[in-house]
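S.K.:
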Amino acid sequence: MKKPLIAGNWKMFKTADEAVSLAQGIKAGTYKNQDALVVVCPPFTALHAVCKVLQGSNVSVGAQNMHPETEGAFTGEISPAMIKDLGCRYVILGHSERRQFFHESDTFVNEKVKTALKYSLIPIVCVGETLAQREAQSHLTVVKNQFDVSLADLGKEDILKCVIAYEPVWAIGTGKTATPEQAEQMHAYIRRLLTEKFGAEVSAKIYILYGGSVKPDNIAILIEKPNVDGALVGGASLKTESFCAIVDGATEKCSAGAK
Ligand code: 13P
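Per my numbering, the very first residue in the sequence shown carries number 84; after that it's consecutive.
1. Cutting at 6 Å between CB atoms, please list the residues of its own chain near A314, excluding the five before and the five after it.
2. Is F41 buried or exposed, if buried means 16 or more other CB atoms sit within 10 Å of its CB?
3. Using only alpha-carbon positions, find the residue among K244, A266, K239 and G238 that is nearest to P251.
4. Say the cut is 7 Å; is the CB of H178 nearer than that to a heavy atom of the ligand 13P?
5. State the DSSP-derived secondary structure class of A254, mapped to helix, strand or coil.
6. Inspect the beta-carbon positions of S286 and D118 and report whether they are closer than 8 Å.
7. Between the Cα of K94 and the Cα atoms of C327, A303, S325 and G317, which residue gives the shortest distance?
8. Tell me whether S143 sits in a helix, a strand or coil according to DSSP, three-state version.
9. Three or more beta-carbon pairs under 8 Å between the region 121–139 and the region 162–176, yes or no?
10. Within a Cβ cutoff of 7 Å, which residues of the same chain sit near F230, ignoring the five residues on either side of it in sequence?
11. Look at the alpha carbon of F281 and the alpha carbon of A215, and state the distance between them as a whole number of angstroms.
12. Jot down the residue ranges of each uninterrupted beta strand (DSSP E) in the region 127–173, minimum 3 residues, whole runs only, in chain order.
13. For S179, which residues in the same chain have their Cβ closer than 7 Å to its Cβ, ignoring the five residues on either side in sequence?
14. Have a look at A235, K97, G112 and P125 and flag the residue whose alpha-carbon is nearest the alpha-carbon of S188.
15. At a cut-off of 7 Å, would you count V297 as near the ligand 13P, judging by its Cβ distance to the nearest heavy atom?
16. So, with DSSP's three-state summary, where would you put P263?
17. Going by other Cβ atoms of all chains shown within 10 Å of its Cβ, with 16 needed for buried, is L243 buried or exposed?
18. Drop a sphere of 10 angstroms on the beta-carbon of A199, count the other beta-carbons inside from all chains shown, and report buried for 16 or more, exposed for fewer.
19. Do G145 and V122 have their CB atoms nearer than 8 Å?
20. Measuring CB to CB, does K308 end up less than 8 Å from P263?
21. Looking only at its chain, what residues have a beta carbon closer than 8 Å to the beta carbon of A333, apart from the 5 residues adjacent to it on each side?
22. Might you give, ordered along the chain, the residues of its own chain that have their beta carbon closer than 6 Å to the beta carbon of T153, omitting 5 neighbours on each side?
23. Ignoring anything shorter than 4 residues, give me the alpha helix (DSSP H) runs that lie fully in the region 285–341, in order along the chain.
24. With the cut-off set at 8 Å, would you say I176 and K195 are in Cβ contact?
25. Can you say whether Q138 is buried or exposed, counting buried as having 16 or more other CB atoms within 10 angstroms of its CB?
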């Protein structure tokens with residue numbers, strides 16, 4: 084059984100001071116919990132301070148994005164070497180907000196995944212369909228394309244160092260969670276794609292997170308699905324109480340042998 088992985092994506096919220104108090108709250112709220120993997124992803128401006136607060140704790144830190152080059156003339160961008168240097172272990176790549184508002188393609192995401200791995204950063208690679216794509220019944224094809232291109236050229240050793248997050252765009256920030264059955268259908272499909280490409284043994288080890296309006300009151304019914312290994316949480320990760328309640332909810336369900 085895998086420990087559940089709960090990651091908070093703070094998006095463009097929290098000044099450095101606010102981020103430090105949230106990180107302190109989460110550290111205090113999760114320090115007894117050895118049965119979950121907990122990650123927080125603050126904005127770039129707070130990474131340094133949050134990494135310092137969480138050093139040596141149960142909580143790992145991730146960045147929300149990075150450029151695929153190590154360094155260079157890319158005004159406004161942040162390199163994998165820079166986030167690694169601060170103490171980050173994870174990096175979110177290909178989030179739908181990056182795809183939608185900053186026109187990031189699957190090929191660009193793939194370049195980032197490959198450099199992240201070179202820097203021993205664990206990429207959390209996001210995939211997911213829009214409402215129009217779901218209504219057109221093309222959600223499986225859309226996610227397969229994102230999967231194939233974003234994770235192209237990776238070997239077994241590489242994919243074992245990746246996390247995949249299924250985030251249906253229509254469920255992000257809308258309060259409209261995918262039903263546990265909808266989430267499980269897509270997670271099982273992603274697991275099948277992983278098995279076809281990397282074999283059953285490798286596929287079973289890979290974390291597939293669900294993201295989209297995850298809250299303390301719906302984590303239990305999502306995490307009990309066999310292929311839901313954790314959650315990528317937006318809005319509810321911005322408050323200590325709700326984020327810690329999600330971590331505890333997932334842990335209790337998994338420790339109770341629900342899966
Ligand atoms: P919400 O939890 O606010 O819907 O955001 C999900 C998300 O985008 C996490 O990356």
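Every residue gets a Cβ at the ideal spot worked out from N, C-alpha and C, and that includes glycine. These numbers were taken from a predicted model, which means no experiment stands behind them.
M.R.: The short version:
1. I89, L292, Y293 and V297
2. Within the shown structure, residues of the chain are numbered from 84 to 342, placing residue 41 beyond reach of any answer.
3. Residue A266 is the option with its Cα nearest to P251.
4. yes
5. Helix at A254.
6. no
7. G317
8. strand
9. yes
10. V210, I273 and L276
11. 31 Å
12. 142–146
13. Same-chain partners within the cutoff: C209, G211, E250, V252 and I255.
14. A235
15. yes
16. Under the three-state reduction of DSSP, P263 is assigned to helix.
17. exposed
18. buried
19. yes
20. Yes, they are a contact pair.
21. P87, I89, A119, I302, A303, I306, G313 and A314
22. S162 and A164
23. 302–306 and 323–338
24. In the sequence as presented, Ile is not what sits at residue 176; that position holds Leu. Taking 8 Å as the Cβ cut-off, L176 and K195 qualify as a contacting pair.
25. exposed
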